[in-house]
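With this note's numbering applied, the sequence shown has no gaps in its numbers, which climb one by one up to 840 at the end.
Note that the Cβ used here is the ideal one computed from N, Cα and C, for glycine as well.
Remember, it's a predicted structure, so these values are computed and weren't measured experimentally.
In what follows, a single structure is set out as structure tokens and then discussed.
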Amino acid sequence: MDIIYEWFRELYQTTGINLPFIYDSYDRGRLIDGFLTTVELSFICLFFSVVIGIIGAWLQGSSFTWTRRIVNGYIQLFRNTPPLVQLYFFYFAIGSMLPRVETDWGGQAPMLGSFAWAVISLSFFAGAFNVEIFRSGIEAVPKSTVEAAESLGFSRFQIYRDVTLPLAIRVVLPSLNNNLVNLVKTTTLAYAIAVPEMLYESAQIWSDNVNVPEMMIFLLIAYFVLVGILVWGMNRWERALKIPGFGS
């Protein structure tokens, strides 16, 4: 590995192409930490956005008018406002209202850090779209299937959990795939509130080394690979769950 490090250092000295995250252990560590933070942030947001979508779609079928109105209001609010504005609202507006906690060194710190607010904001943002995605899948389930479950004595929750949702997932996977891919790309907005994800750490590196073109090329490739892996996994899952003739 030392030979590789020296080769890239020599490349910088002779051509000016500067890739310090390869030959410099400090920059390499920063970029690896940023990549891992991006992966962690992405998967946590993916999970919670899907949970929000599933719960919200179920609540849309509630017999209580106010429950449906609250869910619809949430959808309209988060679909019709920019995700960066939402992120700033949670971090600066809501975050400033929460009490501060004592630290081990005698100071005070926010109750929730920037990473937590990024998870909350991005999950709610993508969750609003997921509610509509799951709702469309639920509407595609034949009424006769639901009526058959009702005749067997299933409760509304049991029908949703055991009958409607499993079939709806098979219908909505292509749309869900697109929204989750967009969510992973939207995690770069966490840079705006200093979450140390890949874009943030890359910006720190290019500020120190003045190598913006090299870092931007790296970011383009890194996100292409990261999102490509997600798309590949979702497509495999879609093919595994597909029922011939259903939902087409």
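Item checked: TYR752 burial status per 10 Å Cβ neighbour count (16 or more: buried) -> Counting Cβ neighbours within 10 Å, TYR752 comes out buried, since at least 16 surround it.
Next item on the list: Could you tell me the boundaries of the beta strand (DSSP E) in which GLN652 lies?
Entry: Segment: none, GLN652 is in no beta strand (DSSP E) and carries neither H nor E.
Notebook entry, point to check: ARG864 to LEU757, Cα distance in whole Å?
Noted result: This structure cannot speak to residue 864, because the chain is shown only from 593 to 840.
Next item on the list: Take VAL819 as the anchor and find which of ASN770, TYR615, LEU759 and ILE636 has the nearest alpha-carbon.
Entry: Ranking ASN770, TYR615, LEU759 and ILE636 by Cα distance to VAL819 puts ASN770 first.
Notebook entry, point to check: Quick one: what's ARG692 bridged to in DSSP?
Noted result: The partner list for ARG692 (beta bridge, DSSP) reads PRO702.
Notebook entry, point to check: In terms of alpha-carbon separation, which member of ILE761, ILE624 and LEU811 lies closest to ASN833?
Noted result: A quick correction: the sequence has Leu, not Asn, at residue 833. Out of ILE761, ILE624 and LEU811, ILE761 has the C-alpha closest to the C-alpha of LEU833.
Item checked: Cβ neighbours of LEU690 in the same chain (closer than 6 Å, five flanking residues each side left out) -> Excluding positions up to five away in sequence, the list reads MET703.
Notebook entry, point to check: ALA787: which of VAL711, PHE640, GLY621 and ASP754 sits nearest, CA to CA?
Noted result: Sequence check: residue 787 is Val here, not Ala. Answer by Cα proximity: VAL711.
Notebook entry, point to check: Residues in its own chain within less than 8 Å of TYR597 by CB, not counting five upstream and five downstream?
Noted result: Cβ within range, chain order: ILE614 and TYR615.
Checklist line | Buried/exposed call for ALA718, threshold 16 Cβ in 10 Å | finding: Label assigned to ALA718: buried.
Check: Residues in its own chain within less than 7 Å of ARG727 by CB, not counting five upstream and five downstream?
Finding: Taken in chain order, the residues that qualify are ALA649 and GLN652.
Notebook entry, point to check: In this structure, does DSSP put LYS777 in helix, strand or coil?
Noted result: If DSSP states are grouped into helix, strand and coil, LYS777 belongs with the helices.
Next item on the list: Pick out whichever of TYR783, ILE813, ALA741 and TYR604 has its Cα sitting closest to the Cα of THR629.
Entry: Measuring C-alpha to C-alpha distances from THR629 to each of TYR783, ILE813, ALA741 and TYR604 identifies TYR783 as the nearest.
Item checked: GLY825 burial status per 10 Å Cβ neighbour count (16 or more: buried) -> When all chains shown are included, GLY825 counts as exposed.
Notebook entry, point to check: Near ASN664, what residues of its chain come up, given a Cβ to Cβ distance below 6 Å and the 5 sequence neighbours on each side ignored?
Noted result: Excluding residues within five positions, none has a Cβ falling inside 6 Å.
Item checked: Simplified DSSP state of TRP697, which is helix, strand or coil -> Reduced to three states, the DSSP call for TRP697 is coil.
Next item on the list: Starting from the Cα of ASN774, find the closest Cα among SER654, LEU744, PHE721 and THR657 and give me that residue.
Entry: Checked all of SER654, LEU744, PHE721 and THR657; the closest Cα to ASN774 is PHE721.
Notebook entry, point to check: DSSP three-state call for VAL787: helix, strand or coil?
Noted result: It is coil, neither helix nor strand.
Next item on the list: Flag this pair as touching only if the region 600-611 and the region 798-816 have three or more C-beta atom pairs under 8 Å; answer yes or no.
Entry: In short, these stretches touch, since the Cβ pair count reaches three.
Item checked: GLU793 classed as buried or exposed, judged by whether at least 16 other C-beta atoms fall within 10 angstroms -> Counting C-beta atoms within 10 angstroms of its own C-beta, GLU793 has 16 or more neighbours from the protein chains shown and is therefore classed as buried.
Note to self: Quick check on this structure: which residue in SER713, ASP594, LEU623 and GLY687 has the alpha carbon closest to the alpha carbon of MET807?
What the structure shows: With distances taken between Cα atoms, MET807 lies closest to LEU623.
Check: What does a CB cutoff of less than 7 Å around ALA701 pick up in its chain, not counting 5 residues either side in sequence?
Finding: Result list for ALA701: ARG692, VAL693 and THR695, in chain order.
Item checked: Buried or exposed by the 16-neighbour rule on C-beta atoms within 10 Å, applied to GLU739 -> Looking at its Cβ environment, which holds fewer than 16 other Cβ atoms inside 10 Å, GLU739 is exposed.
Check: Looking at VAL764 and ILE644, is the spacing between their C-beta atoms short of 8 Å?
Finding: Their beta carbons are not under 8 Å apart, which means ILE644 does not touch VAL764 by this criterion.
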